[in-house]
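See structure below.
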């Protein structure tokens, strides 16, 4: 039998618009993914712990753990909607509408199982059933292309289709069924099949429902599938066709409107209900439309009802009315925006009345013949209206209002710190408010401003006007933990900020989110949820005092919607002024008073007097030798122009260099060194700070820049070097100890052009006793000839007393990470093929510390021989490894069951927990599906030789998870060592299932309980991935 879809009267226009509707439909499918309740598939769950403590010198310090990450696995679930029943004449095509909803947490594709065999029974047994798309959900095929699959359906989205077949022959009232079924891509969650019933009848009425643009001229329809809340009016068309040979009597159409559809009454001057049979507008009143139709609207039940006295065979018609879409509706398709009408009718077969509705009844009761039969109602197709998500955000300095008309710039968008000294760290509390109509996460960034202080704002300059070298941090609420990236796009974000929920007579937002203080019952007011974000700025010690020409210093913080990246808002964080400092560095001459005196030994501007910025004060030219290092020296006069005596720390850094073959400033080229010596040049003992300099006094020190040697081969070719030709500008800085007074003077070293193979960089790391660190070294041929590389002497680990060990590996797999496939190099070995000019080779030095404490720092030297022609040259790099003195934090995780008593045990061996605790990322799998649990363990170790106190350890319940009591230890056992969960006053805190926010523990009592040298603390808890 032919099952090619027969397009009904209201589909002639739809056929030409199918492509557009399919596009809109797919947009709706995609748009709904944000509202999936479960943690999204392949999202990353991660966090890291932070602790503050006080060391033996009464200095408050901060330590952070490594991050741990778990990838959420995909779960598969779906619902196949709506069985149906219809009465048709023999050999008539019949179509039944269906939809399948993806209830999983990730995009899925569903196979539509074509009904055959036992899925076609009775009068449908010999038919052929075919699926077609019904994107506009009017129960009619959108085109004539058969379907076997839904294509990708986003989490929470719905795909609509119809199944069509041709009825067979038989007696009046004979029946048959079409069973519709589907499977997901993993065939793990097969939805319940749906059964459609077909009945043969002399009168065969079908009714389809459409939601259309108001301007649609029925029966034609320009379908509406979704849009904004509050939209409309839209036209609802109930189209009916009697394809039988006998009249359908007392046709009753009933449409109980959902709460999200608002009926437009017949008194509206423009949008009135209409019946094709009379060609006139209808009224809502009972009996107000003549004998041929009885049309009513009952407001109490929100029900439209129309009873048509008779629809002759082989005729069509429609009833239409208007609705608007309600406001404050949830995003996506919900019960409030889903509608199905019902219909019932009767017809005469000889002396018998047949009643057709949800069932077919032969009614011979004389009283019912020729009148309506109350047998329920058959369903029309399901019509949905998808509320599209809209994004909106306010970023400000208010903890109580989201700013309905959030202005750009002061005062509502500005957070201000009045004053801070150079070298100080300041912070602002910013608040990010979700003003959209659904949960959304917001990326938080400093646009155009690197956090590492390399510069302020790149573009536009107005985004940041802090002094160069200012570093920034973006922290979570409370300012103790780093703001994490929960949506996986590489930028810290707020996590999904929800909409407020109503319960127990009040509106609320779940922790850690806060809610606006406005009154939601006031129609002019709207409640929002928001999150505090803390921005910290560390002003460089050398920052000049001032107020930036009375403009203050500002940095712009941007909050950008993850759902719609075009939606953003900014808040401006301002420091009004940087407090004045009083130290001045000069070359050769000293400062007298506040102004230079011409003549004598007093410094002028050309000697560095005052704020000289990047001006070059002195230039020394050196010619490197072929075998020994050379030095450039500068007389630096530290002038204390402050109000009190002080000692000044001395530091030097490479500020700029004209040769592009070396690492960028401030990294020193390999082999270069900066030291300071007491007294005028050449100086005597090496120092790192001045002696105490009285007010208006000064002290002369000698800054020594060591330039490494180079070599020339017997071929006469110029070789590369660690000191290629060019100008090298050095910043020499003096900073008062315990304060922010600082000044910098810039001097230049000029070097001649020579070349050599280099190893960079020199390394410096810390580890714990028995620990190990890895140094990355890049061997670079900066010359113009290939070099054969070999290791004449593998590694020199300078550890005369303690058992330090070092090993060398080549990055065999080229992934830039020290891992298993990398090749161990031992003895005198070649490093492979010749190293071409400008080529590099990455090697790893793995240094293992002795298990006993007390070892001095270890220097490991890697020496490489490079050979061209018959001449062999060498180059080397050094790695400085020290034993850490402080609180070392390590973070571990493992998958666990969620039930009571499933908390994993912990046994520490040298501070490392037993298996299965691990720092490694957990890949997606059965244990990372929504509803599964992850246990976290933080281990802190005192690596100092003295006790530490006032420990405050903080962790975070990650985004997409909540605290789970069952797999967490009982509160008293969640910590070990001198820690108590969550309080500073000795009161035990119990976290409950469902909690989200910070997890913290502190020393108990705070100021007297110490962690002994070599001692450990632990904190353990468990979270459940949001189902």
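Residue numbers (the numbering used here): 13 to 1039.
Ideal Cβ placement from N, Cα and C applies to all residues, glycine included.
Since the structure is predicted, the reported quantities are computational estimates derived from the model, not experimental observations.
| Asked | Found |
| --- | --- |
| Assigned exposure category for residue 339 - 16 Cβ within 10 Å defines buried | exposed |
| Residue 58 classed as buried or exposed, judged by whether at least 16 other C-beta atoms fall within 10 angstroms | buried |
| Residue 545 beta carbon less than 8 angstroms from that of residue 476 | no |
| Sequence-distant residues of the same chain with beta carbon closer than 7 angstroms to residue 456, five excluded per side | 444, 486, 495, 504, 505, 506, 545, 569, 571 |
| Rounded separation between residue 575 and residue 403 - CA only | 7 angstroms |
| Residue interval of the beta strand (DSSP E) (run including residue 329) | 327-337 |
| Rounded separation between residue 295 and residue 357 - CA only | 22 angstroms |
| Whole-angstrom distance between residue 88 and residue 520, CA atom to CA atom | 31 angstroms |
| Host beta strand (DSSP E) of residue 221 (start-end) | 217-225 |
| Own chain residues within Cβ distance below 8 angstroms of residue 760, not counting five before or after | 628, 630, 631, 632, 739, 740, 741, 742 |
| Beta-ladder partner(s) of residue 175, from DSSP | 108, 143 |
| Cβ-based burial, residue 280 [other Cβ within 10 Å; buried from 16] | exposed |
| Residue range of the beta strand (DSSP E) that includes residue 717 | 710-719 |
| According to DSSP, residues forming a beta bridge with residue 886 | 877 |
| Residues near residue 336 by beta carbon distance below 6 angstroms, same chain, minus five either side | 244, 245, 274 |
| Close Cβ partners of residue 228 (< 6 angstroms) along its chain, the five nearest in sequence each way excluded | 234, 247 |
| Host beta strand (DSSP E) of residue 945 (start-end) | 945-954 |
| Simplified DSSP state of residue 533, which is helix, strand or coil | Note that residue 533 has pLDDT 38, beneath the 50 cutoff, so the model's placement of it is unreliable and the number below is only indicative. Note: residue 533 maps to coil in three-state DSSP. |
| Cβ contact check for the segment 115-126 and the segment 211-226: 3 or more pairs under 8 angstroms | no |
| Where residue 940 falls: helix, strand or coil (DSSP) | helix |
| Residue 1029 versus residue 987: straight-line alpha-carbon distance, rounded | 7 angstroms |
| As assigned by DSSP and simplified to three states, the class of residue 559 | coil |
| The segment 957-976 in contact with the segment 917-933 per 3-pair CB rule at 8 angstroms | no |
| Whole runs of the beta strand (DSSP E) within the segment 221-289, excluding any shorter than 3 residues | 246-254, 260-268, 273-275 |
| Start-to-end residues for the beta strand (DSSP E) that takes in residue 651 | 642-652 |
| Alpha-carbon spacing of residue 844 relative to residue 791, whole angstroms | 13 angstroms |
| Rounded straight-line distance, which links the Cα of residue 261 to that of residue 136 | 26 angstroms |
| Cβ contact (3+ pairs, closer than 8 angstroms) linking the segment 680-695 and the segment 712-719 | yes |
| Euclidean distance between Cα positions of residue 130 and residue 320 | 38 angstroms |
| Strand pairing of residue 355, partner residues [DSSP] | 265, 390 |
| Any 3 or more C-beta pairs closer than 8 angstroms across the segment 348-364 and the segment 394-402 | yes |
| Cβ-Cβ separation, residue 231 to residue 251 (assumed contact under 8 angstroms), whole Å | 5 angstroms |
| Three-state secondary structure (DSSP) of residue 549 | strand |
| Contact set for residue 913: own chain, Cβ-Cβ below 8 angstroms, skip 5 residues either direction | 978 |
| Under the three-state DSSP convention, the category residue 131 falls into | helix |
| N-terminal and C-terminal residue of the beta strand (DSSP E) that residue 741 is part of | 738-748 |
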